[in-house]
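Engineer: One line per chain: the protein sequences are A and B, in this order. When you line the first sequence up against the numbering used here, it's residues 1 to 267, in that order. When you line the second sequence up against the numbering used here, it's residues 1 to 266, in that order. Beta carbons: idealized from backbone N, C-alpha and C, even for Gly. One structure, pasted below without further comment.
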Amino acid sequence: MSLSLRAVTYRYAGSNRAVLEALDLIVEPGEVVGVVGANEAGKSSLCLVAAGLAPGTIGGRLDGEVLTDGVSSTAARPYELAQRCGILFQNPTTQLSGTTATVWEEVAFGPRNLGLELDLIVERVGWALSLLGIESLPARDPARLSGGQAQLVALASVLALRPPYLVLDEPTSQLDPHGTRLAGEALARLAAATQVGILLVEHKTDLLEVLADRVVVLAAGRLVREGGAAEVLSDERLEGWGVDPPSRVRLDRAARQAGVALPGGVP
Amino acid sequence: MSLTGGVPEFVLPPPTGPYRRLNPTTKLLIAVAEALIAFGVRGWTGPLLVLAVVAASGLRARVGRSLLPFLLATIPLVASILLVNTFLYPGATDRIVVIGPLAPTWTGLAFAVQATLRVVAFAMSAAILGLTTAPDELVADLERRGMGRRTAFVLGATVRSVPRVIERVREITEAQRARGLDTEGRIWHRVRGLVPLAGPLIFGALTDVEEQTMALEARGFSAPTRRAVIRVLPDTPTQRGLRFALAAGTALLLVASLAGQLGFLP
């Protein structure tokens, strides 16, 4: 039982250049795996491939295998994949359906698409809203939410499909500090309260340090480093791969250079 | 949160007022019938009949004052209809007055006034539908009646995208203005200011569409199932009867008018 990518190489439609090359990655249930890397390292492509949208929806050529609990992404239809692996994009506004008058209906949009009975829809919407701590929003118009609130509604909408795995593509990149804090708290709650396996692409390494169990580093479509979050995020080579270390690590390094020892510093 | 059959009450707002309380599909059908009669029934009867019904509906729905902006919006079209037909009606010889090369005719004026009444009747009918019906309720009701999810989505998304596009235009305009673009003043300046708007607006919309498509797939939009109905809007046997009578009556009127059987009407 896992979301596993085996020897995955992916090329977008009309391109010969591989954006992901010979990539192996496993996300276990209940585990949060962080992904970092410079721009153009292939992080968003990894998200699309892991969720089955590439090549399923957007085309392209996939070599290797993406398995969600043993089911290949190329063998399942998009709506079946949606129930196995949810995906959240960067821009909260484009993820909302744009057809609903209330947040409650927006979160119910996915379960309705699956043809679930009304009582099950009601139960799932309530569950997703309370899991993310946004029980105060259901009567609001989705078009009039702040960025952070909209991103949480989008996440609740994906969660309402009850996928065992989630792929989050820089969910806080377009959020202000308040929105980032809201999203971070919600993700921490999600990771703690469920057995959902999460693949989290995130530039903000401070957030990853708190949330991720493991972190992998992507560079030019290849996986160049993998390990425990604390270990990878304090790797001296991180900046060379175009990734800013967390502020704790930078502070500790600055203190060491100045000859000051901080309690609990990076070894 | 108070629940009605499991669905929160705010998803199912109670009806607010006499005409508004009608089922959205009934109101849609009334508007369609009014438009067809206004334009399809020859002579004065069609537009005058529709205007009378529209006035009564507007009073019943208490939207009389809100209709004024819609009425004003028809002025450019109405003015051009009046001018063109009064002065240039082909073949008319019954001149009202001769002013140099211009010779307005009674025939042209009568045709122009009739056409004006048709346009105004249609505009008011559409305005009453818009003022008394929430778009998402109309879409929900049509979906409940069997309209496909894709059609429902396109309809709902189109209606709800209007404020988003307006907001985006405002953002881009402000951004361009902050960089020195002149978007105010003379008409030529305004037209020239539209050119740099088009690029970001179109490319932004295309990018959004790609991401929205993926987001929809990620929410099971293509599943081959029938969606559960959340909003069941009130409908009554009387309204069902009214809709049937309206459809049948409109069809009869149009056929009779086309066949020249309504010659006794003014």
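Identify the continuous alpha helix (DSSP H) that holds Ala35 of chain B and give its terminal residues.
Structural biologist: Its alpha helix (DSSP H) spans residues 24-40.
Engineer: Are the CB atoms of Asp136 of chain B and Thr93 of chain A nearer to each other than 9 Å?
Structural biologist: Against a cut-off of 9 Å, the Cβ pair of Thr93 of chain A and Asp136 of chain B comes out as no contact.
Engineer: Under a three-way DSSP split, which group does Asp169 of chain A fall into?
Structural biologist: Of the three classes helix, strand and coil, the one that applies to Asp169 of chain A here is strand, per DSSP.
Engineer: Beta-carbon of Pro101 of chain B versus every beta-carbon of chain A: anything under 9 Å?
Structural biologist: Chain A, which has no Cβ nearer than 9 Å to the Cβ of Pro101 of chain B, makes this no.
Engineer: From this set, B:Ala31, B:Gly6, B:Ala140, which residue's C-alpha is nearest Arg124 of chain A's C-alpha?
Structural biologist: Ranking B:Ala31, B:Gly6, B:Ala140 by Cα distance to Arg124 of chain A puts B:Gly6 first.
Engineer: List, in chain order, every chain B residue whose beta-carbon is nearer than 9 Å to that of Arg124 of chain A.
Structural biologist: Within chain B, no residue comes near Arg124 of chain A; the closest Cβ sits about 11 Å away, beyond 9 Å.
Engineer: Whole angstroms are fine: how far does the CA of Val122 of chain A sit from the CA of Gly240 of chain A?
Structural biologist: Going by the C-alpha atoms only, they are around 49 Å apart.
Engineer: Which class does Arg144 of chain A belong to by DSSP, given the choice of helix, strand or coil?
Structural biologist: Arg144 of chain A falls in the helix class under three-state DSSP.
Engineer: By Cβ distance below 8 Å, which residues in the same chain neighbour Ala247 of chain B in space, the five residues on each side in sequence not counted?
Structural biologist: Closer than 8 Å at the Cβ level, and outside the excluded window around Ala247 of chain B, lie Leu29, Ala33.
Engineer: Of the residues B:Ala256, B:Ala31, B:Pro104, which one's Cα is nearest the Cα of Gly130 of chain B?
Structural biologist: Among B:Ala256, B:Ala31, B:Pro104, the Cα nearest to that of Gly130 of chain B is on B:Ala31.
Engineer: Does any residue of chain B have a CB that is nearer than 9 Å to the CB of Gly110 of chain A?
Structural biologist: By this cut-off, Gly110 of chain A is an interface position.
Engineer: Measuring CA to CA, which of B:Leu71, B:Val209, B:Ser80 is closest to Met124 of chain B?
Structural biologist: Per the Cα distances, B:Leu71.
Engineer: When you compare the CB positions of Glu143 of chain B and Val11 of chain B, do they come within less than 9 Å of one another, or not?
Structural biologist: Cβ atoms of Glu143 of chain B and Val11 of chain B: not closer than 9 Å.
Engineer: Would you mind telling me which residues of chain B sit closer than 9 Å to Leu118 of chain A, beta carbon to beta carbon, in chain order?
Structural biologist: In chain order: Gly5, Gly6, Val7, Ala228, Val229, Ile230.
Engineer: Going by CA-CA distance only, name the one from A:Leu175, A:Arg248, A:Val36, A:Ala128 that's closest to Val201 of chain A.
Structural biologist: Selected option, being the one with the closest Cα: A:Val36.
Engineer: Put Leu138 of chain B into one of helix, strand or coil per three-state DSSP.
Structural biologist: The answer is helix: DSSP assigns Leu138 of chain B an H, G or I state.
Engineer: Does any C-beta atom of chain A lie closer than 9 Å to the C-beta of Thr225 of chain B?
Structural biologist: Yes, Thr225 of chain B lies at the interface with chain A (some Cβ there is under 9 Å from its Cβ).
Engineer: Whose C-alpha, out of A:Gly64, A:Pro142, A:Leu159, is nearest the C-alpha of Leu129 of chain A?
Structural biologist: Comparing Cα-Cα distances from Leu129 of chain A to each of A:Gly64, A:Pro142, A:Leu159, the minimum goes to A:Leu159.
Engineer: Does the stretch 52-68 of chain A touch the stretch 227-241 of chain A, meaning 3 or more C-beta pairs lie closer than 8 Å?
Structural biologist: Short answer: they don't touch.
Engineer: With 16 other CB atoms within 10 Å as the buried threshold, where does Pro246 of chain A fall?
Structural biologist: By the neighbour-count rule (16 or more Cβ atoms within 10 Å), Pro246 of chain A is buried.
Engineer: Taking the alpha carbon of Ala127 of chain B as the reference point, which residue from B:Arg219, B:Thr238, B:Asp235, B:Leu67 has its own alpha carbon closest?
Structural biologist: Considering only alpha carbons, the answer is B:Leu67.
Engineer: Measure from the alpha carbon of Pro142 of chain A to the alpha carbon of each residue in A:Glu185, A:Leu199, A:Leu3, A:Ala154, then state which is nearest.
Structural biologist: That would be A:Ala154, whose Cα lies nearest to the Cα of Pro142 of chain A.
Engineer: Counting only beta-carbon separations shorter than 9 Å, does Met1 of chain B have a partner in chain A?
Structural biologist: Note that Met1 of chain B scores a pLDDT of 49, beneath 50, so its modelled location is shaky; the value from the coordinates is reported in the next line. It does; some Cβ of chain A falls within 9 Å.
Engineer: DSSP has Cys85 of chain A in a bridge; who is on the other side?
Structural biologist: Answer is A:Tyr165.
Engineer: Which residue or residues does DSSP assign as beta-bridge partners of Ser4 of chain A?
Structural biologist: Answer is A:Ile26, A:Leu67, bridged to Ser4 of chain A.
Engineer: So what does DSSP say about Glu167 of chain B, is it helix, strand or coil?
Structural biologist: Helix.
Engineer: Within 10 angstroms of its Cβ, does Leu168 of chain A collect 16 or more other Cβ (buried), or is it exposed?
Structural biologist: Buried, by the Cβ-count rule.
Engineer: Does the distance from the C-beta atom of Val196 of chain A to that of Pro164 of chain A stay below 9 Å?
Structural biologist: Yes, the Cβ-Cβ distance between Val196 of chain A and Pro164 of chain A is below 9 Å.
Engineer: Note down, one range per segment and in chain order, each alpha helix (DSSP H) of at least 4 residues found wholly within the stretch 80-144 of chain B.
Structural biologist: DSSP runs (the alpha helix (DSSP H)) wholly in the stretch 80-144 of chain B: 106-132, 135-144.
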